[in-house]
Structures are given as C-alpha cells and as structure tokens.
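Everything below concerns the one structure shown next.
Chains as they are written, first to last, in our numbering: chain P, 1 to 271; chain Z, 1 to 231.
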C-alpha cells in the first residue's frame, strides 16, 4: 500500500511505456466511441463517426468557411490581451512597488478574480452592444487578473537592493520601472500574458456562445441549435488545437526571451 | 466608485438604461431576497456546487491515488490531464446540454470535470511527496498496511489534498455560475441571464451584485475553513 507499482501486470511488455499506454487509451476511447455511435445504445446522435468529425475539421482548415468567424474571434482575443497587458502590467508594477498599496489592493484583486467574468457580460452588452467589442471587454477583464497578479508576484521577488542602487545612481521613477523592475519581472509577466491569453480565449468565446453575430463560439451554438453534432465536435477540436498551438508558441517564445518564465500554471482559474 | 455611479445616474449624466443606481440595485436585490426567488435560486446554485464538489472529490481522490499507485498510468496520463487543464473545456457545454438536457445535471456534470482535475493532480502529488522517512519509521515499527495508510499516509497527504479541494471549489463555483448564466439554467446565473434578456437593468445589476457577493462569500468561507483545518 505504501509504495507505488512501476508496471502493470495486465499489459504486454511492449506497451509498458507511457507512450504505449497513451496509444492504447486513445485506441480504446475511439473504439468505445465508434461502438456507441454505430449501435446507438447510448445518447443517440451524440457520437458521430470519428471520420465524419475529421472530414468536417478538414473542411474548416481547407476552405474559407471559418474565416470571418476566425477573424472576429482573433480580433476579440488579440484586443483583449492587448488591453489587459496595457492596463495589468503598469498597474501590477504600481501596486507591487509599495507594500502599503499591496496590502489594500491584493485582497481585492484576489477576491475579484474568483468572480466568473462572464457574468459581467450583460453590463458590457448594455454599454457596448452585441458586436465584437462586448466580447473583447469580457476577454480583457478575464486576462487582466492573471497578468496583474503575476506582475505583482514578480514585483514581490525583485530584490530591494536593485531599486536602492538605481535610486542612489539618481534614476527617475520611470527609469526604475523600465530598467530595474521590467527586466526583473519579465518571466512572471510573460507567464501572466500566456495564462491571460487562455483566459481571454475562454472569456471571449464563451460570451460569443451567449449573444453574437460572428465568431467561433457563435458557430458552436449555431451548430448545436441545428443539431450538427459532428460539425460542433470538429469546431471544438479546431478551437482546442488552435489554443494549444498558441499556448505552445507563446511558451517557446517566452522561454527564449526569459528562461525564468513559469510553465506550470493554467488559465482555467480566470475565465 | 459607488458614489460616482450613484451621482452619475441620479444627475442624469448616464442614462438609467445603461447603469442602475447602486442603491436601486441593492434595494432590488433585497426585495428579491425577502419576497422574491433569490433565496430559492441561491439554494439551487449551492446544491449544484455541493454535488459537483462531492463527485469531484470522490472520483478525484480515488483517481489521484490510482495514478500514484500505478506509476506507469500516472506518467502516461499526466499529459492528458495537463492538456485538459489548459484547454477551454467549458466551451464544450453544448455537448452536456445535448446529453443531460437543459437541467442542473448538465451544469453539475461539466463543473465536476472542472473540479476533478486539480483534485487528481494534488492527490497524486501529495502521495508522491510523502517523506520516505515517515514510511521507513512505520515499517521499522512493524505497522500493518492498513495502519500505515491510516496513521502515516493519510495525515501526510491531507494538507496537499485540501489545497486541491480548495482550488476545485473555486473552479466549480466559477463554472456553475458561468454555465448557469450562459445556458440559462439553474440558479443565480439563470436569474441574471433572464434579467438581461428582459432588459431589466436594475435587476441585471442586482443579479450581478448577488453573484459577486456569493463568489466572495464563498471564497471567504473557504479561506476561513483552510485556516481552521491547518490549525
């Protein structure tokens, strides 16, 4: 009971590797999926053939059918990250630079971070309408929290002696921010932006599923309404692959720019 | 900010079509609590949270233990868990609506998945990081396997599992409220969605206030219980 077991007695020797188990699992899931789908014994219509889903996915990739919706979603997510970074990083630096400010602000941010940002969407609809900007705003709010919180976390790790040396050398507040704080907190800020991107994707696309004229989230609900289940799965797969690729690209880029960027945090917390 | 918002609406700087005076939002919320359906809806939301948390905890602790116990499976599924953790899984909610219908069951099913992941990861990590000296001391005292589990492993892993439990609760709270709003089903989130659909501005802000209070109150209670637990 107290020691973990290294191998599984049930499996043949060639499958006694993580890759072997992953391949077997995938094979098992596909087999069960097809079995349920073809026999219709459970949730009829909910398990379309895998081939149909892949064909639909190929249509999205090979034809311009998705382009206007992809454009709308990219505009929302891009704008959301830009807005969140432009507000979250300076505010994080400002709040993190004085412990007295941090004592007041940090609990407020931590509590506000728990509120699901999607519930603010009706307010944004009132002010910004049902076009792309209300989704952009939800995405921006969702991304703001990881970016500002990780900037604050980075500020906390900056050694006071660096700031003191800069002050002694006569650096202005702006010079201290750009030449001392920013390079020292780059790793945390990059991580915040990467996590913020995940939060922005979830926030904006979730808002699109509620009310929208275009966007990938809007398409999900359209397909759901028309009971085009294979198309809906394909679209979800398309979004997951896109999000994973963007996450991977950002991770690789930030690892080059700042090797200290943390890789273990997730975006689920912030949508 | 509250004073500015109140003045802006009362002096007509911002149309009450866009912004409700904070005092009106509080009054509407109070009316809903006293004579309306706010308490009933909060009860539904809390029920969904409780059931999701129960499912996540039971399945998550068991799965996390298995992933630690069978190292090969643990190493193999680590990648799947990480991928699931960082994917926008909530966007798959229409699948749950198709499966369970527009009911609380759909909200509970998807929210349970949200809560499951941190509990599995923390449980597996907790067992992995048990100090081997503790186990050696147990073995040297000739304790039985049952005693080893009950008196050494469980107390050693409990704090880390509790951290996963706390994280899961936060995820579930967000997922339940978010899904209720988006899918217009269940409790407080549905109320907010209904109010927005009818363009009842004061009710929208009252619902938003209620949702924020519920989220913050929940986090406060979790923090307090963690302090008590660690004592």
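Note that beta-carbon positions come from the ideal geometry of N, C-alpha and C, so glycine has one too. Bear in mind the structure is a predicted one, so any value in this text is a computation, not a measurement.
- Pairing residue 205(P) with residue 188(Z), the inter-Cα distance amounts to about 22 Å.
- In this structure, residue 211(Z) places its C-beta atom within 8 Å of the C-beta atom of residue 115(P).
- Scanning its chain for C-beta atoms nearer than 7 Å, with the 5 sequence neighbours on each side dropped, one finds around residue 117(P) the residues 138, 141, 142, 203 and 271, in chain order.
- Listed along chain Z are 86 and 88, each with a C-beta nearer than 8 Å to that of residue 198(P).
- Against chain Z, a Cβ distance below 7 Å from residue 243(P) picks out 87 and 88.
- Here the segment 110-129 of chain Z makes contact with the segment 150-165 of chain Z; the two share three or more CB pairs at distances below 8 Å.
- Measuring C-alpha to C-alpha distances from residue 184(Z) to each of 38(P), 258(P), 122(P) and 80(P) identifies 122(P) as the nearest.
- Contacts with chain P at 8 Å (Cβ-Cβ) include residue 18(Z).
- For residue 132(Z), the enclosing alpha helix (DSSP H) has its first and last residue at 132-140.
- Ranked by Cα distance from residue 155(P), the options 181(P), 229(P) and 100(P) are led by 181(P).
- Within chain P, not a single residue places a beta-carbon under 7 Å from that of residue 198(Z); the smallest gap is close to 11 Å.
- For the segment 152-163 of chain P, the set of residues with a beta-carbon nearer than 8 Å to any beta-carbon of chain Z is empty.
- Against chain P, the CB of residue 94(Z) has a partner CB under 8 Å away; the residue lies at that interface.
- Chain P places no beta carbon closer than 8 Å to that of residue 142(Z), leaving this residue out of the contacts.
- Within chain P, the C-beta atoms nearer than 8 Å to that of residue 99(Z) come from 43 and 46, in chain order.
- Between residue 219(P) and residue 69(P), the beta carbon gap of about 5 Å places them in contact (Cβ cut-off 8 Å).
- Of the residues 115(Z), 144(Z) and 156(Z), the one whose Cα lies closest to the Cα of residue 128(Z) is 156(Z).
- Between residue 125(Z) and chain P, the shortest Cβ-Cβ separation is not below 8 Å.
- For residue 225(P), the number of other beta carbons within 10 angstroms of its own is below 16, and it is reported as exposed.
- Neighbourhood of residue 135(P) in chain Z, by CB distance below 7 Å: empty, with the nearest CB roughly 13 Å away.
- Using a CB distance cut-off of 8 Å, residue 46(Z) does not count as an interface residue toward chain P.
- In this structure, residue 171(P) places its C-beta atom within 8 Å of the C-beta atom of residue 179(P).
- Nearest neighbour of residue 157(P) by Cα position, chosen from 130(P), 232(P) and 99(P), turns out to be 99(P).
- With a beta-carbon spacing of about 16 Å, residue 252(P) and residue 198(P) fall beyond the 8 Å limit used to define contacts.
- Contact between residue 30(P) and residue 88(P) is ruled out by a C-beta separation of about 42 Å, above the 8 Å threshold.
- Rounded to whole angstroms, residue 166(P) and residue 115(Z) show a C-alpha spacing of 46 Å.
- Within chain P, the residues whose beta carbon sits less than 8 Å from that of residue 211(Z) are 115, 116 and 119, listed in sequence order.
- Of the candidates 90(Z), 67(Z), 84(Z) and 14(Z), the residue whose Cα lies closest to the Cα of residue 182(Z) is 90(Z).
- Counting along the chain, no alpha helix (DSSP H) covers residue 42(P), and no H or E run does either.
- Contact between residue 111(Z) and residue 41(Z) is ruled out by a C-beta separation of about 16 Å, above the 8 Å threshold.
- About 6 Å separates the beta carbon of residue 46(P) from that of residue 229(P), a gap short enough to meet the 8 Å contact definition.
- Under the Cβ distance rule, residue 226(P) does not count among the residues neighbouring chain Z, no pair being separated by less than 8 Å.
- In chain order, 211, 212 and 213 place their CB closer than 8 Å to the CB of residue 130(P), counting only its own chain and leaving out the 5 sequence neighbours on each side.
- Counting only Cβ-Cβ distances below 7 Å, residue 12(Z) has no contacts in chain P at all, with the closest Cβ about 17 Å away.
- Residue 109(P) and residue 25(P) have their alpha carbons spaced roughly 41 Å apart.
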